[in-house]
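Residue numbers (my numbering): 10 to 122.
Glycine included, C-beta positions come from ideal geometry on N, C-alpha and C.
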């Protein structure tokens, strides 16, 4: 379960950011997770509940924003939602391998005080 290492690093980065800002605790962490990132949001939540203990984020909330995958069709200049890396354009039916979004795994914000 690589979500534990992902969340361990997210907590480390959030704590580092909070300490640099002179905060005494982290109250919330918001992540952006793409549907094709390979990370499972439910496993990330479970890992969060474990790795935040005994840190500045011990009482913080976790919000996970899902980023739907989208491909680009160069033929008809259309962006469309996709389920994988190579998909047929619903408009012109050409195959597109240009992924525009969906692989995100980012810290969007850290709330602290």
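Report the residue from the options whose alpha carbon sits nearest the alpha carbon of residue i.
i	options	result
residue 105	117, 116, 90	90
residue 42	24, 71, 61	71
residue 112	36, 32, 31, 40	40
residue 67	49, 74, 37, 48	37
residue 14	55, 26, 30, 31	55
residue 12	63, 30, 73, 69	73
In chain order, what residues of the same chain lie with their CB nearer than 6 Å to the CB of residue i, ignoring the 5 residues before and after it?
i	result
residue 110	76, 79
residue 34	65
Tell me, which residues are paired with residue i by DSSP?
i	result
residue 105	96
residue 38	71, 119
residue 43	76
residue 110	79
Taking the alpha helix (DSSP H) that residue i belongs to, which residues open and close that run?
i	result
residue 160	Nothing about residue 160 can be reported from this structure: the residues present for the chain run from 10 to 122 only.
residue 51	50-60
Using C-beta distances below 8 Å, list every residue in its chain close to residue i, excluding the 5 sequence neighbours before and after it, in chain order.
i	result
residue 88	79, 80, 81, 82, 109
If you draw a straight line from the alpha carbon of residue i to that of residue j, how long is it in whole angstroms?
i	j	result
residue 93	residue 103	15 Å
residue 116	residue 85	33 Å
residue 51	residue 121	24 Å
residue 28	residue 20	12 Å
residue 45	residue 95	12 Å
residue 57	residue 100	41 Å
Can you tell me where the beta strand (DSSP E) holding residue i begins and where it ends?
i	result
residue 80	79-82
residue 173	No answer is possible for residue 173: the residues shown for the chain start at 10 and end at 122.
Near residue i, what residues of its chain come up, given a Cβ to Cβ distance below 7 Å and the 5 sequence neighbours on each side ignored?
i	result
residue 119	23, 26, 27, 35, 38
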